Amino acid sequence: MGYMGKYLEVNLNTEKIAEKTIDKSYGKTWIGGKGLGAKILYDTLSPKVDPFSPENVLLLMTGPLTGTSVQTSGRWTVVTKSPHTGIFLDSHVGGKFGHRLKRAGFDYITIEGQAAEPKYLEVTSDGIDLHTATDYWGKGTYETESLLKKQHPGGEVCAIGPAGENLVTFANIVTDRTHTAGRGGAGAVMGSKNLKAIVTHGTEKIEANDPEQFKKLTRTFTKKVRNNPGVKRRHEIGTVMWVKMANEAGFLPTHNFQAGVFEDADKVSGERMRDEFVVGHTACYRCSIACGKTTRFDQGKYAGLEVDGPEYETTALLGASCGLNDLGAIAKANEICDDLGIDTITAGGTIAFAMEATEKGLLRQNEIDTLEFGNDDAVHAMLRLLAFRKGIGDFFAQGSLSAAKKLGHDSSSYAIQVKGLELAGVEPRGSFGMALAYATSDRGGCHQRCWTPGAELDGRLTRFSFEGVPQFVKASQDERAACYSLVVCDFLPFDVPEMVEMLNAATGFDYSEESYLLTGERIWNLTRTFNVREGISAKNDVLPNRFSQEAAPKGDPKGQLIKQSDFESAKGEYYSLRGWNTNGVPTPEKIDKLGI
130 MGYMGKYLEV NLNTEKIAEK TIDKSYGKTW IGGKGLGAKI LYDTLSPKVD PFSPENVLLL
190 MTGPLTGTSV QTSGRWTVVT KSPHTGIFLD SHVGGKFGHR LKRAGFDYIT IEGQAAEPKY
250 LEVTSDGIDL HTATDYWGKG TYETESLLKK QHPGGEVCAI GPAGENLVTF ANIVTDRTHT
310 AGRGGAGAVM GSKNLKAIVT HGTEKIEAND PEQFKKLTRT FTKKVRNNPG VKRRHEIGTV
370 MWVKMANEAG FLPTHNFQAG VFEDADKVSG ERMRDEFVVG HTACYRCSIA CGKTTRFDQG
430 KYAGLEVDGP EYETTALLGA SCGLNDLGAI AKANEICDDL GIDTITAGGT IAFAMEATEK
490 GLLRQNEIDT LEFGNDDAVH AMLRLLAFRK GIGDFFAQGS LSAAKKLGHD SSSYAIQVKG
550 LELAGVEPRG SFGMALAYAT SDRGGCHQRC WTPGAELDGR LTRFSFEGVP QFVKASQDER
610 AACYSLVVCD FLPFDVPEMV EMLNAATGFD YSEESYLLTG ERIWNLTRTF NVREGISAKN
670 DVLPNRFSQE AAPKGDPKGQ LIKQSDFESA KGEYYSLRGW NTNGVPTPEK IDKLGI
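Residue numbers for the sequence shown follow my numbering, so the first one is 130 and each next one is one higher.
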């Protein structure tokens, strides 16, 4: 139990759809979500497959806790080979789609091939169909979702926008208007398959192996979540609570990570957003946190705009990093990205890179006048050009690293990415822990595998030091890998033992805390093995030169830089803890021990 016991296998070449039975032993070894998705991807793909080829698979995964009474159980996961980085990609999504997919009777969907014309997939407990989607092709995600929900009452939709159709390598998949499989370009993979959307609904029951114990555990856990001070703070302000904290600590990315302090941070802070613009709270399925914020702007340039968001990462990358000091402008950029189907983090990182390249005289203005830090009109224009791959937008449609290779002139030093994925909203000279977390992340410059700022600010880790960082990063990555396989949200205040109890009650498994974390370690080593097969090694676990060659100019980190010798020492210690060789490759002994 906890699983529906079935999955869908969709071949768009032949339009053949098959229902298959799940091997429960896979659930015991890989749980679901990220873990099971990684196993399927590794076993299915040949090395060096082009992410846009029909052979690449797109996996829509739930986990054993998805859709249950566990808090935040609306989460689900998209797994594929990234067209943006060429390596493993898992992207985690909120909203209601994951719950509805399980209610349709399926734990996951595998999609391969390429349709001859635009299609959308309907998945219900009554049947599965492929429909022509030519009428929806070219439309934004907002209109697509609205039209499909009218066509299929009660359905939940995930869809791509024009960016996915045009194979922008950081296109995302959008559901429930604002929830996205955001990073790494899963939307472009979906677009390469001529698949516009998936609609799902159903009436199947999601049952636990031990219903009474499961109910008891989830009720206790729900009370804990609702009474947690951190949850209350996140509900009050949302993720943008980090804007003020990050700026005061000196790690808010500013002007393409040239600094970690933004002079106008107070104008885009979560506190200001709460006090002046928030008109409502939104939540994913089964979530008491309700961290989403609906904002409305009644005056000024953006009067009449009402959107969900922006979140912290969007505010950091499309705001401070691009020099925007108007919350209305950032919210508008957020809306454009969600409708056109673009990752806000990579979009912000790429546009900030373009602004710095312009500042340094490497880029002519082309269609955009004054592509400079602080120009909101330029940001909005650039987003549209990116999505439709028009003019200068086509030049940047594969992100900052690709653009830097074309520009030359040492511009790669300010293409702020790891393994091709643009860094998230923490400037590493102000957070040494994130330097190692970014460098070793299995999908590139990602903050969701390990988040060290909280530990650095509360004293669990020493600021501006790598002391204890390798141990912290490894432990966090293993725990997150397991969490993203359940699938639940990383905003939950939970202890591993209570999550293990709920997992066991749902599935009938007999996980211990040790075996649960070992499963997370197994998953992490499998994704590393996948990446090694694609050519990744220690030489790729590095940061942009900016952070080792340019000292932080202001704030708490003033004068700090990531000394290469210190970083390499920490990376070596991390490899040793992982059981990897000095080239960052899991040893045969480690692979055998983990049963990969």
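All C-beta atoms, glycine included, are put in the ideal place defined by N, C-alpha and C. Nothing here was measured: the structure is a model prediction, and the numbers come from that model.
Could you name each continuous beta strand (DSSP E) segment of 3 residues or more that falls completely within the region 397 to 482, going from the start of the chain to the end? DSSP runs (the beta strand (DSSP E)) wholly in the region 397 to 482: 407 to 411, 421 to 426, 434 to 437.
Which residue spans inside the region 520 to 595 form an unbroken alpha helix (DSSP H) run of at least 4? For the region 520 to 595, whole alpha helix (DSSP H) runs of length 4 or above, ordered along the chain, are 521 to 524, 528 to 536, 561 to 569, 582 to 587.
Mind checking which residues open and close the alpha helix (DSSP H) that includes Glu-702? Start and end: 693 to 707.
For Val-602 versus Thr-648, is the C-beta distance shorter than 8 angstroms? Contact: no.
Reduced DSSP secondary structure (H/G/I, E/B, other) of Ala-288: Looking at Ala-288 - three-state DSSP - the assignment turns out to be strand.
Would Val-616 pass as a contact of Trp-159 if the rule is Cβ separation under 8 angstroms? No; because the gap between Cβ atoms is not below 8 angstroms, this pair is not in contact.
Contact under 8 angstroms by Cβ, Gly-452 with Phe-380: Not in contact: Gly-452 and Phe-380 (Cβ atoms no closer than 8 angstroms).
Going by DSSP, name the residue or residues bridged to Tyr-258. Position check: residue 258 holds Asp in this sequence, whereas Tyr was assumed. Bridge partners of Asp-258 according to DSSP: Glu-251.
In chain order, what residues of the same chain have a beta carbon less than 6 angstroms from the beta carbon of Val-252, not counting five sequence neighbours either side? Leaving aside the five residues that flank Val-252 on each side, the residues in its chain whose CB is nearer than 6 angstroms to its CB run, in chain order, Ala-233, Thr-329.
What's the C-alpha gap between Tyr-249 and Ile-465? If you take the alpha carbons of Tyr-249 and Ile-465, they lie about 23 angstroms apart.
Apart from the five residues just before and just after Arg-730, which ones in its own chain have a Cβ nearer than 7 angstroms to its Cβ? Because residue 730 is not part of the residues shown, which for the chain are 130 to 725, the question remains open.
Straight-line Cα distance separating Thr-636 from Gly-131: Going from the Cα of Gly-131 to the Cα of Thr-636 covers about 5 angstroms.
Note down, in chain order, each residue of its chain lying with its Cβ closer than 6 angstroms to the Cβ of Gln-689, except the 5 sequence neighbours on either side. Cβ contact annotation for Gln-689 (same chain, cutoff 6 angstroms, sequence separation greater than five): Arg-558, Phe-593, Ala-681, in chain order.
Beta-carbon separation (whole angstroms), Asp-461 vs His-509, contact threshold 8 angstroms: For clarity, residue 461 is Lys in the given sequence; the question names Asp instead. With a Cβ gap of about 6 angstroms, Lys-461 and His-509 count as contacting.
How far does the alpha helix (DSSP H) with His-364 in it reach, from first residue to last? Segment 358 to 366, the alpha helix (DSSP H) holding His-364.
Bridge partners - Tyr-136, DSSP secondary structure assignment: Answer is Lys-149, Tyr-237.
So, for Met-631: in the same chain, excluding its five sequence neighbours on each side, which residues have a beta-carbon less than 8 angstroms away from its beta-carbon? Contacts found: Leu-194, Val-199, Phe-343, Leu-346, Thr-347, Phe-350.
DSSP has Pro-715 in a bridge; who is on the other side? Beta-bridge pairing links Pro-715 to Trp-709.
Among Tyr-171, Thr-239, Gly-156, which has the Cα closest to the Cα of Ile-216? Residue Tyr-171 is the option with its Cα nearest to Ile-216.
Would you report the Cα separation of Val-555 and Trp-580, rounded to the nearest angstrom? Straight-line Cα distance between these residues: approximately 9 angstroms.
Just the Cα atoms here: how many angstroms apart are Gly-192 and Lys-719? Approximately 26 angstroms, taken between the alpha carbons.
For the region 604 to 640, list the alpha helix (DSSP H) runs that are entirely contained and at least 4 residues long, ordered along the chain. Restricted to the region 604 to 640, the alpha helix (DSSP H) segments that are unbroken, complete and at least 4 residues in length are 625 to 636, listed in chain order.
Less than 6 angstroms between C-beta atoms, sequence neighbours within five positions excluded: which residues of the same chain meet that for Trp-371? These residues qualify, in order along the chain: Tyr-441.
Could you check if His-308 is buried or exposed, using at least 16 other CB atoms within 10 Å of its CB as the buried criterion? In summary, His-308 is buried, with 16 or more beta-carbon neighbours lying within 10 Å of its beta-carbon over all protein chains present.
Can you give me the C-alpha to C-alpha distance between Met-374 and Thr-143, rounded to a whole angstrom? Their backbone Cα atoms lie some 53 angstroms apart in a straight line.
Say whether the region 171 to 184 touches the region 503 to 523, bearing in mind that this needs 3 or more beta-carbon pairs closer than 8 angstroms, one atom from each stretch. The region 171 to 184 makes no contact with the region 503 to 523: fewer than 3 CB pairs, one atom from each, lie closer than 8 angstroms.
I'd like the list of long-range same chain contacts for Thr-263, defined as Cβ closer than 8 angstroms, with 5 residues on each side in sequence excluded. Closer than 8 angstroms at Cβ, skipping near neighbours: Glu-246, Pro-247.
Run the CB neighbour count on Thr-479, radius 10 Å, all protein chains shown included, and call it buried at 16 or more, exposed below. Counting other Cβ atoms within 10 Å of its Cβ, Thr-479 reaches 16 or more and is therefore classed as buried.
Taking only the alpha-carbon atoms, compute the straight-line gap between Val-407 and Arg-362 and give it to the nearest angstrom. Near 15 angstroms, if we compare the C-alpha coordinates of Arg-362 and Val-407.
Would you kindly work out how many angstroms separate the C-alpha atoms of Ser-202 and Gly-409, rounded to a whole number? One C-alpha to the other measures close to 22 angstroms.
Going by C-alpha distance, which of Ala-564, Ser-698, Gly-724 is nearest Asn-674? Looking only at Ala-564, Ser-698, Gly-724, the smallest Cα-Cα distance to Asn-674 is reached by Ala-564.
Would you report the Cα separation of Thr-716 and Glu-400, rounded to the nearest angstrom? Their backbone Cα atoms lie some 48 angstroms apart in a straight line.
So, at 7 angstroms on beta carbons, what are the nonlocal neighbours of Gly-457 in its own chain, with the 5 sequence-adjacent residues on each side left out? The answer, listed in chain order, is Phe-426, Gly-429, Lys-430, Tyr-431, Leu-434.
Beta carbon of Met-190 nearer than 8 angstroms to that of Gly-223: No, the Cβ-Cβ distance between Met-190 and Gly-223 is not below 8 angstroms.
Contact set for Ala-315: own chain, Cβ-Cβ below 6 angstroms, skip 5 residues either direction: Taken in chain order, the residues that qualify are Val-207, Thr-209, Ser-220, Ile-302.
Cβ pair count under 8 angstroms reaching 3, the region 482 to 489 against the region 316 to 324: Judged by Cβ distances under 8 angstroms, the region 482 to 489 makes no contact with the region 316 to 324, as fewer than three pairs qualify.
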